[in-house]
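K.L.:
When you number the sequence shown by the numbering used here, it's gap-free, plus one each residue, and the end is 78. Sharing a structure with you now.
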Amino acid sequence: MALTRTEFNILELLASHPKRVFTKQELFELVWGEPYATEDSTVNVHVSNLRHKLRPSGTDAYIQTVWGLGFKLAL
């Protein structure tokens, strides 16, 4: 399955800083280019969709949730 532009941008950002944990606020502001105004599930939904699309290649486990903090690329 092809990635959307947003999914690609999330993956590119995580891959550019593989050991860094990004909060949902940071991901939203860096990927969408807008202030993170409220707690919603936008980032979670996009990360979930990205994991689902990467699953056939066996790479969905590389996007790690760091509970209470955010997401990172786990290598």
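Just so you know, even glycine gets a beta-carbon here, dropped at the ideal spot from N, CA and C. This structure is a prediction, so every number in the text was calculated from the model and none was measured.
Helix, strand or coil, according to DSSP, for K27 in the structure here?
P.N.:
Walking along the sequence shown from the start, residue 27 turns up at place 24. Under the three-state reduction of DSSP output, K27 falls in the helix class.
K.L.:
Please report the Cβ distance between L33 and L6, rounded to the nearest whole angstrom; I am assuming they are in contact, meaning their Cβ atoms lie under 8 Å.
P.N.:
Walking along the sequence shown from the start, residue 33 turns up at place 30. Walking along the sequence shown from the start, residue 6 turns up at place 3. That belief does not hold up - the Cβ atoms of L33 and L6 are roughly 17 Å apart, past 8 Å.
K.L.:
Under the assumption that L14 contacts L53 (Cβ atoms under 8 Å), give the Cβ distance between them as a whole number of angstroms.
P.N.:
Here residue 14 refers to the residue found at position 11 of the sequence shown. Here residue 53 refers to the residue found at position 50 of the sequence shown. Confirmed, about 6 Å.
K.L.:
Check L93 in the structure and name its three-state DSSP category.
P.N.:
Limits of the chain in this structure are 4 at one end and 78 at the other, which puts residue 93 out of reach.
K.L.:
Which term fits F11, buried or exposed, when burial requires 16 or more other beta carbons within 10 angstroms of its beta carbon?
P.N.:
The residue labelled residue 11 in the question sits at position 8 within the sequence shown. That one is exposed.
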